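Asker:
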Amino acid sequence: MKASEMTPRQRKALYAVREAASNIAAFENTLLDNKPESPEYKNAKAYLMDGERIKQDIYEEAVGSIGEREIRFLGKDWIMERVEKQMIKYELPHTA
């Protein structure tokens, strides 16, 4: 489903998921900015390997920005599908 085919509520959720996934993908900068033996590098690397945690973090950040009320209208499954697609787009570990 393209954004142009979505309802305003769906688009709002999609954009929130996209932003949350982008924020998490930015953790890759930590890998580039630090030496492999540094705690920052090790923590970022461990985090970026934990697909389930990333999925949950994207979902929670997106829900936090659009609100629980919106989720009831869209459904968690619908939003999680968008989360999975963004994880694939940003080459984050995923289960799809």
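Oh and the sequence shown: position 52 is 107 in this note's numbering, straight run, nothing missing.
Just so it is clear, CB atoms sit at the ideal spot from N, CA and C, and this is done for glycine as well.
A quick note: this is a predicted structure, and the numbers were derived from the prediction, not measured.
#1: Would you say A68 and A117 are within 8 angstroms of each other, going by their C-beta atoms?
#2: Terminal residues of the continuous alpha helix (DSSP H) containing F128?
#3: Below 8 angstroms, can you find three or more Cβ-Cβ pairs linking the segment 119 to 139 to the segment 65 to 84?
#4: Here's the rule I'm using: 16 or more other beta-carbon atoms within 10 Å means buried, otherwise exposed. How should I143 be labelled?
#5: Report the three-state DSSP secondary structure of N89 (helix, strand or coil).
#6: For K140, which three-state DSSP category applies?
#7: By Cβ distance below 7 angstroms, which residues in the same chain neighbour Y96 in space, the five residues on each side in sequence not counted?
Answerer: On the basis of the supplied data:
#1: Going by C-beta atoms, A68 is nearer than 8 angstroms to A117.
#2: Residues E123 to L129.
#3: Yes, since at least three Cβ pairs between the segment 119 to 139 and the segment 65 to 84 fall closer than 8 angstroms, the two stretches touch.
#4: Exposed, because fewer than 16 other Cβ atoms sit within 10 Å of the Cβ of I143.
#5: Residue state for N89 is assigned as coil, using DSSP reduced to three classes.
#6: When secondary structure is reduced to three states using DSSP, K140 falls in the helix class.
#7: Correct list, in chain order: T85, L86, N89 and K90.
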